[in-house]
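K.L.:
Starting off with a structure, shown below.
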Amino acid sequence: MKLSECNIGFAITGSFCTFDKIKSQIKILKDEGADITPIFSFNTYNMDTRFTKAKDFTDEIKAITGKEGMSTIQQAETVGPNKLFDVLVIAPCTGNTAAKLANGITDTPVLMAAKAHLRNNLPLVISISTNDALGINLQNIGKLMVIKNIFFVPFGQDDYIKKPNSMIADVSRIGETIEAALENKQLQPVVVA
Ligand SMILES: Cc1cc2nc3c(=O)[nH]c(=O)nc-3n(C[C@H](O)[C@H](O)[C@H](O)COP(=O)(O)O)c2cc1C
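Residue numbers (my numbering): 3 to 195.
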């Protein structure tokens, strides 16, 4: 399936420093012709941070995608029964969301959408962005990597001197990872320098 024919659920969690880079990638996917529905975690939707005001960011994403998107668990629940997406992307995916997903917790719109989408045997793409990827969250990333239908955007250590446990995905490869995932393949190499 080409990106231009693709219905993408694009779920955004609270790695606020990654938001600018993610915005650019959503624009690229949109320009390719993909239909994109944003899904916001509660924290993305509500938290003002030193990086951005929540409303400014969510308004920009709504403008780029042309959709209000989903910001409640009730909205996200409809992803399953209505088979809304060909692929669901979580980008950026925080350590918090990765940990919950790996352990079957479903208490945000993003986690609800992921659970609902996976039940339909459809691909879920994760773009990790967390300071504890090689710390307490390593076990959760490992758990997710071996689950059927879960694929990772290639990721690597972003600053091994100052933040030795931190890993971040190469967000410029989200499109390629989606295309591979739609063919049931993991883009390689998945761990990059
Ligand atoms: C300014 C700021 C930046 C953050 N950056 C990250 C990050 O890059 N990666 C991460 O895993 N958590 C980060 N966090 C912590 C998450 O926002 C926090 O764990 C939150 O509960 C995530 O919720 P969510 O996964 O439902 O969006 C950051 C928090 C703040 C306030």
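The beta carbon of each residue, even a glycine, is placed where N, CA and C say it ideally should be.
#1: Which value, in whole angstroms, describes the spacing of the CA atoms of K164 and F21?
#2: Quick check on T20 - is its C-beta less than 8 Å from some C-beta in chain D?
#3: Taking the alpha carbon of H119 as the reference point, which residue from M3, S6, G11, A65 has its own alpha carbon closest?
#4: For K145, which residues from the same chain have a beta carbon less than 7 Å from its beta carbon, with the 5 sequence-adjacent residues on both sides left out?
#5: Any idea if F42 is buried or exposed, counting beta-carbon neighbours within 10 angstroms, 16 or more meaning buried?
#6: For the stretch 59-139, which segments carrying the alpha helix (DSSP H) assignment without a break, of at least 4 residues, lie completely within its bounds, in sequence order?
#7: On the criterion of 16 or more Cβ atoms from any shown chain inside 10 Å, does S6 qualify as buried, or is it exposed?
#8: From which residue to which residue does the beta strand (DSSP E) around I163 run?
#9: Can you pull every residue whose C-beta falls closer than 7 Å to some heavy atom of ligand 1, listed in chain order?
#10: Can you tell me which of N186, L124, T179 puts its alpha carbon nearest to the alpha carbon of V193?
#11: Is it right to say K102 is buried, meaning 16 or more other beta carbons lie within 10 angstroms of its own, or is it exposed?
#12: Would you call the CB atoms of L71 and N45 closer than 8 Å?
#13: Measure the alpha-carbon distance for T80 versus S73 and round it to whole angstroms.
#14: Tell me whether the stretch 48-61 and the stretch 125-134 touch, counting them as touching only if at least three CB pairs, one residue from each stretch, are closer than 8 Å.
#15: Name the residue from T108, K23, I143 whose alpha carbon lies nearest to the alpha carbon of N167.
#16: Only counting the same chain, and skipping five residues up and downstream in sequence, which positions put a Cβ closer than 7 Å to that of N151?
#17: Would you check if the distance between the CB atom of L184 and the CB atom of V91 is smaller than 8 Å?
#18: Could you name the residues of the same chain whose beta carbon sits closer than 7 Å to that of A195, not counting the 5 residues immediately before and after it, in chain order?
#19: By DSSP's criteria, P40 is part of a beta bridge. Which residues make up the other side?
#20: Excluding the 5 residues preceding and the 5 following V77 in the sequence, name in chain order all residues of the same chain whose CB lies nearer than 7 Å to its CB.
P.N.:
From the atom records:
#1: Taking the sequence shown and counting its residues from 1, one reaches residue 164 at position 162. Taking the sequence shown and counting its residues from 1, one reaches residue 21 at position 19. Using only the alpha carbons, I get a separation of about 21 Å.
#2: You won't find chain D in this structure, because it holds only one protein chain.
#3: Within the sequence shown, numbered from 1, the residue matching residue 119 stands at position 117. Looking at M3, S6, G11, A65, the one whose alpha-carbon comes closest to that of H119 is G11.
#4: Working through the sequence shown from its first residue, we reach residue 145 at position 143. Correct list, in chain order: A104.
#5: For the purposes of this step, residue 42 is taken as the residue at position 40 of the sequence shown. With 16 or more Cβ atoms within 10 Å of its Cβ, F42 is classed as buried.
#6: 75-79, 97-104, 111-120
#7: Counting from one through the sequence shown, the residue named residue 6 turns up at place 4. For S6, the number of other beta carbons within 10 angstroms of its own is below 16, and it is reported as exposed.
#8: Your numbering for residue 163 matches position 161 in the sequence shown. Neither: I163 is in no beta strand (DSSP E) and is coded neither H nor E.
#9: Every residue whose Cβ sits closer than 7 Å to any heavy atom of ligand 1 is listed here in chain order: T15, G16, S17, F18, C19, T20, S43, F44, N45, T46, M49, T51, R52, F53, P94, T96, G97, N98, T99, T110, V112, S131, T132, N133.
#10: Numbered from its first residue, the sequence shown carries residue 193 at position 191. The residue with the shortest Cα to Cα distance from V193 is T179.
#11: The residue you call residue 102 lines up with position 100 of the sequence shown. Counting Cβ neighbours within 10 Å, K102 comes out buried, since at least 16 surround it.
#12: For the purposes of this step, residue 71 is taken as residue 69 along the sequence shown, with counting starting at 1. For the purposes of this step, residue 45 is taken as residue 43 along the sequence shown, with counting starting at 1. In the sequence as displayed, the identity of residue 71 is Gly instead of Leu. Result no, Cβ atoms of G71 and N45 do not sit closer than 8 Å.
#13: Position 78 of the sequence shown, counted from the start, is the residue given in the question as residue 80. Position 71 of the sequence shown, counted from the start, is the residue given in the question as residue 73. Using only the alpha carbons, I get a separation of about 12 Å.
#14: no
#15: Numbered from 1 along the sequence shown, position 165 holds the residue referred to as residue 167. Checked all of T108, K23, I143; the closest Cα to N167 is I143.
#16: Taking the first residue of the sequence shown as position 1, residue 151 is located at position 149. In the same chain as N151, and ignoring 5 residues on each side of it, the C-beta atoms closer than 7 Å to its own belong to L120, N123, L124, P125, L126, in chain order.
#17: Stepping through the sequence shown from its first residue, residue 184 is reached at position 182. Stepping through the sequence shown from its first residue, residue 91 is reached at position 89. Taking the C-beta atoms as reference points, V91 is found no nearer than 8 Å to L184.
#18: Here the question's residue 195 lines up with position 193 in the sequence shown. Taken in chain order, the residues that qualify are G158.
#19: As a working note, residue 40 is residue 38 in the sequence shown. According to DSSP, which records beta bridges pairwise, P40 is partnered with F12.
#20: Taking the first residue of the sequence shown as 1, we reach residue 77 at position 75. In the sequence under discussion, the amino acid at residue 77 is Gln, which differs from the Val named in the question. Closer than 7 Å at the Cβ level, and outside the excluded window around Q77, lie P111.
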